[in-house]
Amino acid sequence: MIHAYRGELLSVAQDPRDAPGAVRHEADGLLVIEDGVVIARGAYADLAKRYADIPVETLPGLVVPGFIDAHVHYPQTDRIASHGEQLLDWLDRHIFPAEKAFVDKAHADVVAAFFLDELLRNGTTSALVFPTVHEQSVDALFEAALERRMRIVSGKVLMDMGPEGLKDTVASGRAETEALIRRWRGRGRLGYAVTPRFALASSDTQLADAGALLAEHPDVLMHTHLAENVHECAAVAARFPEAADYLDAYDRFGLVTPRSVFAHGIHLSERACSRLHESGAGIAVCPSSNLFLGSGFFNFGQADKHKLRLGLGTDVGAGTSFSMLYTAGLAYQAALAREERLDPFRALWLATAGSAALLHIGDKVGALEVGQEADFAVLDPAATPLMARRTREADLAERLFALQILGDDRAVARTYVLGQCAWQRP
Ligand SMILES: [Zn+2]
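Here is the structure:
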């Protein structure tokens, strides 16, 4: 079935720093969709005649590609806004106790459903997601994503050095990972990621096995954390005295590859940045989490100097919102803290096509180009009285920036998955 949407369309398919023409904007555009895929896009005046016979719905707001959250933990949904600690103590006090509850599939089902609905409410249609160490936590998430037809990548957490009730073994970690890959490969819009929690939570043997799993399955990603917090970095240096730096601790086990997604990268050496670039691995930048846990500010200047591949993540529950608009606004503020200016179009690219490329789904989603899946959000730059006043006479860049600084879930009027409305603001 063919149908079309008319409205203001905006996307940024490539990093506008490298490709100044990457910003694509149709003030009065037409998006034509067949079986969930974009088959035509352009100015309404140019396309209207050719598609005169198909049903057209007008969308109320600024249409952007569905947001892609490049790093988020669904089992931490209920521990968002937990007071008082930096990373390692926050994990022990707030997060590990909450994650133990995911041994119960029924609990995982309830949280997974709430989590995915919350993503849709925020205009997010794809994500790279941490579950827990429990195999059933992945099943719960994938089943709920399949129901909602969302593009979700995840994989059982490997942590044989985790706390009691939250650890696997090298053998069970491998067996469950292989079972999950077999069970879910090719289903819906799902993808798998080998997911060691972080260097401190796995033995050398398990890290080496994670590298082996990654090498054995060329269609999966690797997802973990890197150089988030100074105390964490010190503990990694003590545990791996022979490693050149934190990244090298992963590299020794075959975990630094083009399919590797590292969250954070706040405290990176020049050597590590060179190696990230050379390997093709990328970073999910998580500014709201970094501020909340007092971890620091991502160094966009250093990353750009080394041409690192970047995406944007909320990192809930250390992140303080599921909104990628709000997170993009904090990315601007984190960049400015290091005297870098993050352009609002580049921030939109990070939250959409940048994250898509990082997750190796850039051919499918992220830019609303012809041939891509029709996942998009309809943003309302006048969502609040203040936003309405601030954007009244604003040009496109100003409206987009106001959405990022003042906007959040309130500014998402509708979310579409494969061309169908999946959420609408009441
Ligand atoms: Zn995280």
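Residue numbers for the sequence shown follow the numbering used here, beginning at 1 and rising by one. The beta carbon of each residue, even a glycine, is placed where N, CA and C say it ideally should be.
| Would you say the beta carbon of F96 comes nearer than 7 Å to a heavy atom of ligand 1? | Along the sequence shown, read from residue 1 onward, the residue named residue 96 stands at position 96. Because no heavy atom of ligand 1 lies under 7 Å away, the Cβ of F96 does not count as near it: no.
| message | Tell me which residues share the same chain as R390 and place their Cβ nearer than 6 Å to its Cβ, disregarding the 5 neighbours each side in the sequence. | response | For the purposes of this step, residue 390 is taken as the residue at position 390 of the sequence shown. Result list for R390: A402, in chain order.
| Quick one: Cα of A422 to Cα of D409, how far? | Counting from 1 along the sequence shown, the entry for residue 422 is found at position 422. Counting from 1 along the sequence shown, the entry for residue 409 is found at position 409. Answer to the nearest angstrom: the Cα atoms are 14 Å apart.
| task | Consider the C-beta atom of D315 and the heavy atoms of ligand 1; say whether any pair is separated by less than 7 Å. | result | Mapped onto the sequence shown, residue 315 falls at position 315. Yes, the Cβ of D315 comes within 7 Å of a heavy atom of ligand 1.
| said: Is H71 close to ligand 1? I mean its beta-carbon at under 7 Å from any heavy atom of the ligand. | reply: Residue mapping note: residue 71 aligns to position 71 of the sequence shown, counting from 1. H71: yes, Cβ under 7 Å from ligand 1.
| query | Is L141 buried or exposed, if buried means 16 or more other CB atoms sit within 10 Å of its CB? | reply | To locate residue 141, count along the sequence shown from 1; it is residue 141. Buried, because 16 or more other Cβ atoms sit within 10 Å of the Cβ of L141.
| message | At a cut-off of 7 Å, would you count G223 as near ligand 1, judging by its Cβ distance to the nearest heavy atom? | response | The count along the sequence shown starts at 1 and reaches residue 223 at position 223. For the sequence presented, residue 223 should be read as His rather than Gly. Placement of the Cβ of H223 at a distance of 7 Å or more from every heavy atom of ligand 1 is found.
| When DSSP labels each residue in this structure, what does H73 get in the three-state scheme? | Taking the sequence shown and counting its residues from 1, the one referred to as residue 73 is at position 73. The answer is strand: DSSP assigns H73 an E or B state.
| message | Can you tell me whether A263 sits near ligand 1, meaning its C-beta is under 7 Å from at least one heavy atom of the ligand? | response | Within the sequence shown, residue 263 is the residue found at index 263, counting from 1. Flag set: Cβ of A263 near ligand 1.
| request: Throw me the rounded Cβ distance for the R341 and D15 pair, which I believe falls under 8 Å. | output: Stepping through the sequence shown from its first residue, residue 341 is reached at position 341. Stepping through the sequence shown from its first residue, residue 15 is reached at position 15. That pair is no contact at about 15 Å.
| query | How many Å lie between Q206 and R121 at the Cα? | reply | Taking the sequence shown and counting its residues from 1, the one referred to as residue 206 is at position 206. Taking the sequence shown and counting its residues from 1, the one referred to as residue 121 is at position 121. Their Cα atoms are separated by approximately 37 Å.
| Contact check, L350 vs A328 under 8 Å by CB: the rounded distance? | Residue mapping note: residue 350 aligns to position 350 of the sequence shown, counting from 1. Residue mapping note: residue 328 aligns to position 328 of the sequence shown, counting from 1. L350 to A328, Cβ: 7 Å. Contact.
| field | A201 versus A45 - alpha carbon distance | value | Reading the sequence shown from its first residue, position 201 is the one you call residue 201. Reading the sequence shown from its first residue, position 45 is the one you call residue 45. Distance between the alpha carbons of A201 and A45: 57 Å.
| query | Quick one: does the C-beta of F130 sit closer than 7 Å to a heavy atom of ligand 1? | reply | The count along the sequence shown starts at 1 and reaches residue 130 at position 130. In this structure, F130 has its beta carbon less than 7 Å from a heavy atom of ligand 1.
| Can the beta-carbon of H231 be found closer than 8 Å to that of A263? | Translated into positions along the sequence shown, residue 231 becomes position 231. Translated into positions along the sequence shown, residue 263 becomes position 263. No, the pair does not count as a contact, with Cβ atoms beyond the cut-off.
| For A512, the first and last residue of its enclosing alpha helix (DSSP H) | Given a span of 1 to 426 for the chain in the structure shown, any question on residue 512 remains unanswerable.
| field | Classification of E373 by the beta-carbon crowding that lies within 10 angstroms, buried from 16 upward | value | Taking the first residue of the sequence shown as position 1, residue 373 is located at position 373. So E373 ends up on the buried side.
| request: Report the three-state DSSP secondary structure of Y51 (helix, strand or coil). | output: Locating residue 51 in the sequence shown gives position 51, where the first residue counts as 1. Assignment of Y51 by DSSP, reduced to helix, strand and coil, places it in the coil class.
| field | Alpha-carbon to alpha-carbon, G61 and G29 | value | Taking the sequence shown and counting its residues from 1, the one referred to as residue 29 is at position 29. Taking the sequence shown and counting its residues from 1, the one referred to as residue 61 is at position 61. So the two alpha carbons sit approximately 12 Å from each other.
| task | Check H267 in the structure and name its three-state DSSP category. | result | By 1-based counting over the sequence shown, the position of residue 267 is 267. If DSSP states are grouped into helix, strand and coil, H267 belongs with coil.
| How many angstroms separate the CA atom of V38 from the CA atom of V256? | Here residue 38 refers to the residue found at position 38 when the sequence shown is read from its first residue. Here residue 256 refers to the residue found at position 256 when the sequence shown is read from its first residue. So the alpha carbons of these two residues sit roughly 34 Å apart.
| request: Look up P258 in the DSSP assignment and say whether it is helix, strand or coil. | output: In the sequence shown, counting from the first residue as 1, residue 258 sits at position 258. For P258, the three-state secondary structure derived from DSSP is coil.
| task | For G42, collect the residues of the same chain with a Cβ closer than 7 Å to its Cβ; drop the 5 residues on either side in sequence, then sort them by chain order. | result | As a first step, residue 42 must be located in the sequence shown, where it is residue number 42. E26, G29 and L30.
| request: Note the first and the last residue of the continuous beta strand (DSSP E) segment covering G162. | output: The sequence position of residue 162 within the sequence shown is 162, counting from 1. Boundaries for G162: no beta strand (DSSP E) harbours it, and the DSSP string shows neither H nor E there.
| said: With a threshold of 8 Å on Cβ separation, who are the neighbours of V12 within its own chain once the five nearest residues in sequence on each side are excluded? | reply: Position 12 of the sequence shown, counted from the first residue, corresponds to residue 12. Sequence-distant Cβ neighbours of V12 in its own chain, meaning closer than 8 Å and more than five residues away, are A22, V23, R24, F345, R346, L348, W349, T352, A353 and A367.
| field | Rounded distance between the beta-carbons of A249 and A199, thought under 8 Å | value | Residue numbering aside, residue 199 sits at position 199 when the sequence shown is read from its first letter. Residue numbering aside, residue 249 sits at position 249 when the sequence shown is read from its first letter. That pair is a contact at about 5 Å.
| task | Measure the Cβ-Cβ separation of L359 and R149 and say whether it is below 8 Å. | result | Start at 1 with the first residue of the sequence shown, and residue 359 comes out as number 359. Start at 1 with the first residue of the sequence shown, and residue 149 comes out as number 149. Cβ distance not < 8 Å, so L359 and R149 don't count as in contact.
| With DSSP run on the structure shown, which of helix, strand or coil describes D248? | Numbered from its first residue, the sequence shown carries residue 248 at position 248. Here D248 sits in helix by DSSP.
| message | Below 8 Å on the Cβ atoms is my contact criterion, and I expect V153 with I181 to pass it. Report the Cβ-Cβ distance as a whole number of Å. | response | As a working note, residue 153 is residue 153 in the sequence shown. As a working note, residue 181 is residue 181 in the sequence shown. About 12 Å separates the Cβ atoms of V153 and I181, ruling out a contact at the 8 Å cut-off.
| query | Just the Cα atoms here: how many angstroms apart are D318 and K49? | reply | For the purposes of this step, residue 318 is identified with residue 318 of the sequence shown, where counting begins at 1. For the purposes of this step, residue 49 is identified with residue 49 of the sequence shown, where counting begins at 1. Reading the sequence as shown, one finds Ala at residue 318 and not Asp. When rounded, the distance between both Cα atoms is 50 Å.
| Helix, strand or coil: which one does DSSP assign to L403? | The residue given as residue 403 occupies position 403 in the sequence shown. Three-state result, L403: helix.
| message | Excluding the 5 residues flanking G162 on each side, which residues of the same chain have their C-beta closer than 6 Å to its C-beta? | response | As a first step, residue 162 must be located in the sequence shown, where it is residue number 162. A201.
| said: So for L190, helix, strand or coil by DSSP? | reply: Counted from its first residue, the sequence shown places residue 190 at position 190. Looking at L190 - three-state DSSP - the assignment turns out to be strand.
| request: Report the rounded CA-to-CA distance for A411 versus R79, giving the unit in angstroms. | output: Translated into positions along the sequence shown, residue 411 becomes position 411. Translated into positions along the sequence shown, residue 79 becomes position 79. For A411 and R79, the distance between alpha carbons rounds to 24 Å.
| said: Please tell me whether R239 and L213 are closer than 8 Å, where the distance is taken between their beta carbons. | reply: Indexing the sequence shown from 1 puts residue 239 at position 239. Indexing the sequence shown from 1 puts residue 213 at position 213. No Cβ-Cβ contact shorter than 8 Å links R239 with L213.
| message | Suppose you measure from the CA of A388 to the CA of D109; what does that come to, to the nearest Å? | response | Working through the sequence shown from its first residue, we reach residue 388 at position 388. Working through the sequence shown from its first residue, we reach residue 109 at position 109. Between A388 and D109, the alpha-carbon positions lie close to 38 Å from each other.
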